[in-house]
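First up is the structure itself, then whatever we jot down about it.
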Ligand code: NAP
Ligand code: GCO
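In this note's numbering, the protein residues as written are 61 to 324.
Below is the structure:
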């Protein structure tokens with residue numbers, strides 16, 4: 061049974077993984093036996109990530125690459141294949157959010173979010189799939205969101221991108237499942253990372269942020285998720301245990317999507 065979840069001998073690329081969800085997933089995959097490669101947007105972040113992986117005893121390799129730049133991504137994948145080996149597992153984790161009321165958001169701001177959160181997973185997946193086909197297998201995990209299913213005020217670009225990422229996940233499944241490539245998504249709920257820090261900031265009087273209280277009321281587990289909550293689902297979707305799971309979005313949300321919410 062352990063071999064079913066083992067990632068020994070596998071090379072995993074996790075994008076935007078210097079910290080946050082990507083870092084936790086990469087660390088967990090390393091503990092399951094994978095060789096970890098990650099990228100981030102600048103050398104400072106890559107160096108920060110390398111230090112953090114070293115502290116966890118993970119011999120990760122880090123590269124600077126903006127995932128929205130197709131030429132840079134093609135070079136990144138070629139470099140990884142030359143220096144480390146063919147990528148068996150891709151986690152499209154890099155992402156941004158801009159919380160702006162839609163009618164106050166510029167088209168450029170909207171496009172930037174879609175570029176990172178949707179176009180980049182297309183670009184990186186397109187770069188790794190040919191070698192996965194030649195190798196005879198591959199795992200692609202797209203980090204979606206509850207906003208792949210639900211909207212809320214100020215996150216129009218993010219929700220549009222993450223909704224699109226759900227369908228890109230299903231289309232990669234449809235187009236490349238015949239080559240033994242499984243493409244699934246993980247839909248985290250509200251996870252305590254730098255990206256959601258503004259939603260958890262204490263009020264000037266020391267009281268909880270209203271959104272913090274809202275999420276606790278909406279979550280059956282009555283807590284925010286931790287990045288560690290995503291490790292098991294990610295290892296499962298990266299392993300042979302999920303070889304007949306394809307096109308699925310696995311929500312790791314503490315039950316938010318199933319729950320109407322606690323009466324105030
Ligand atoms: P995070 O803390 O903001 O980390 C995102 C990482 O991606 C950062 O290292 C960021 O670098 C990097 N990145 C951004 N743009 C990039 C680009 N163009 N090229 C390469 N790297 C880039 O976010 P997180 O909370 O860990 O979230 C990770 C993923 O999970 C995202 O896709 C997010 O949408 C998704 N997600 C998060 C939550 C949550 O509650 N936190 C829930 C559901 C889904 P910079 O530091 O330079 O921005
Ligand atoms: C927000 C949050 C969410 C989370 C996550 C939920 O502003 O509503 O940032 O979007 O990041 O995507 O799954």
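We put the CB at the ideal spot given by N, CA and C, even for glycine. No experiment lies behind these values; they were computed from the predicted model shown.
Where residue i falls: helix, strand or coil (DSSP)
| i | result |
| --- | --- |
| residue 319 | coil |
| residue 101 | coil |
| residue 134 | helix |
| residue 168 | helix |
| residue 240 | coil |
| residue 281 | coil |
| residue 231 | helix |
| residue 72 | strand |
| residue 158 | coil |
| residue 121 | strand |
| residue 152 | strand |
| residue 292 | helix |
| residue 334 | Since the first residue shown for the chain is 61 and the last is 324, residue 334 is missing from the structure and cannot be characterised. |
| residue 306 | coil |
| residue 206 | helix |
| residue 254 | helix |
| residue 190 | helix |
| residue 61 | coil |
| residue 299 | coil |
| residue 106 | helix |
| residue 348 | Since the first residue shown for the chain is 61 and the last is 324, residue 348 is missing from the structure and cannot be characterised. |
| residue 173 | helix |
| residue 77 | coil |
| residue 213 | coil |
| residue 111 | helix |
| residue 116 | coil |
| residue 195 | helix |
| residue 262 | coil |
| residue 128 | coil |
Environment of residue i [buried if 16+ CB atoms lie within 10 Å]
| i | result |
| --- | --- |
| residue 154 | buried |
| residue 64 | exposed |
| residue 163 | exposed |
| residue 285 | buried |
| residue 61 | exposed |
| residue 242 | buried |
| residue 244 | buried |
| residue 99 | buried |
| residue 210 | exposed |
| residue 262 | exposed |
| residue 227 | exposed |
| residue 71 | buried |
| residue 199 | buried |
| residue 249 | buried |
| residue 83 | buried |
| residue 173 | buried |
| residue 185 | buried |
| residue 314 | buried |
According to DSSP, residues forming a beta bridge with residue i
| i | result |
| --- | --- |
| residue 184 | According to DSSP, residue 184 bridges with nothing at all. |
| residue 95 | 71 |
| residue 324 | The partner list for residue 324 (beta bridge, DSSP) is empty, contrary to what the question assumes. |
| residue 248 | 312 |
Supposed close pair residue i, residue j - CB separation, criterion 8 Å
| i | j | result |
| --- | --- | --- |
| residue 316 | residue 278 | 5 Å |
| residue 202 | residue 152 | 5 Å |
| residue 259 | residue 271 | 4 Å |
| residue 177 | residue 221 | 4 Å |
| residue 67 | residue 298 | 6 Å |
| residue 219 | residue 89 | With 8 Å as the limit, residue 219 and residue 89 do not qualify as a contact, their Cβ atoms being about 28 Å apart. |
| residue 16 | residue 130 | Nothing can be reported for residue 16, as the shown portion of the chain is limited to 61 through 324. |
| residue 96 | residue 114 | Not a contact, Cβ separation roughly 12 Å. |
| residue 147 | residue 137 | 7 Å |
Delimiting residues of the alpha helix (DSSP H) encompassing residue i
| i | result |
| --- | --- |
| residue 278 | 270-278 |
Limits of the unbroken beta strand (DSSP E) element including residue i
| i | result |
| --- | --- |
| residue 201 | 198-203 |
| residue 310 | 309-312 |
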